[in-house]
Amino acid sequence: MEEVNLADISPVVEKYRGRHDGLISALQETQDIYGYLPETALCHLSRELNIAMSKVYSVATFYAQFYLERRGRNIVRVCRGTACHVRGGKAVLNSIENRLGIKDGQTTGDYKFTLETVACLGACAMGPVIMVGEKYYGKMTPAKIEALLDTF
Ligand code: FES
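Note that the sequence shown covers residues 1244 to 1395 in the working numbering.
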């Protein structure tokens, strides 16, 4: 199991102890702290909140918002929608994959980046579009990708 400091989620445990409706919120807050849901933390929540591990695990795996694997500090989202595709989105994705040495859904070995593709980032006029964290970057090109990723 992953080494995490369970003391980090003590406030979460105290907040949701004895509450039967708090599991999803407890998982969200735990993920906010660690960036994902370590198995150790799930076991700890199960024990401390007195919720069966099977229930904790089924909720954690049911919702797409929860991640059971450690993710990068920077989440790079690349649009693979049509509007971005026709403006060179595939070349942008390829350049990110080559630069980081990872494919869609993977995380770099130093946990600096996780790469994801999404159907549309909702900023089609700016295509090709990517996001890093919560910030949008439009009209991307492979050359711009090089410079951008160097800033993280
Ligand atoms: S198609 Fe890329 S943002 Fe919509």
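Note that CB positions come from ideal geometry on N, CA and C, so glycine has one too.
Pair within 7 Å by beta-carbon distance, residue i and residue j
{"i": "residue 1247", "j": "residue 1277", "result": "yes"}
{"i": "residue 1311", "j": "residue 1259", "result": "no"}
{"i": "residue 1207", "j": "residue 1281", "result": "Limits of the chain in this structure are 1244 at one end and 1395 at the other, which puts residue 1207 out of reach."}
{"i": "residue 1364", "j": "residue 1356", "result": "no"}
{"i": "residue 1273", "j": "residue 1294", "result": "no"}
{"i": "residue 1326", "j": "residue 1370", "result": "yes"}
{"i": "residue 1299", "j": "residue 1360", "result": "no"}
{"i": "residue 1372", "j": "residue 1381", "result": "yes"}
{"i": "residue 1358", "j": "residue 1345", "result": "yes"}
{"i": "residue 1317", "j": "residue 1395", "result": "yes"}
{"i": "residue 1366", "j": "residue 1379", "result": "yes"}
Assigned exposure category for residue i - 16 Cβ within 10 Å defines buried
{"i": "residue 1319", "result": "buried"}
{"i": "residue 1352", "result": "exposed"}
{"i": "residue 1308", "result": "exposed"}
{"i": "residue 1296", "result": "exposed"}
{"i": "residue 1330", "result": "buried"}
{"i": "residue 1269", "result": "buried"}
{"i": "residue 1324", "result": "buried"}
{"i": "residue 1315", "result": "buried"}
{"i": "residue 1261", "result": "exposed"}
{"i": "residue 1332", "result": "buried"}
{"i": "residue 1284", "result": "buried"}
{"i": "residue 1263", "result": "exposed"}
Residue-chain proximity (residue i, chain C), Cβ-Cβ < 7 Å
{"i": "residue 1369", "result": "You won't find chain C in this structure, because it holds only one protein chain."}
Residues with a Cβ closer than 5 Å to any heavy atom of the ligand FES, in chain order?
1322, 1324, 1326, 1327, 1363, 1364, 1366, 1367, 1370 and 1372
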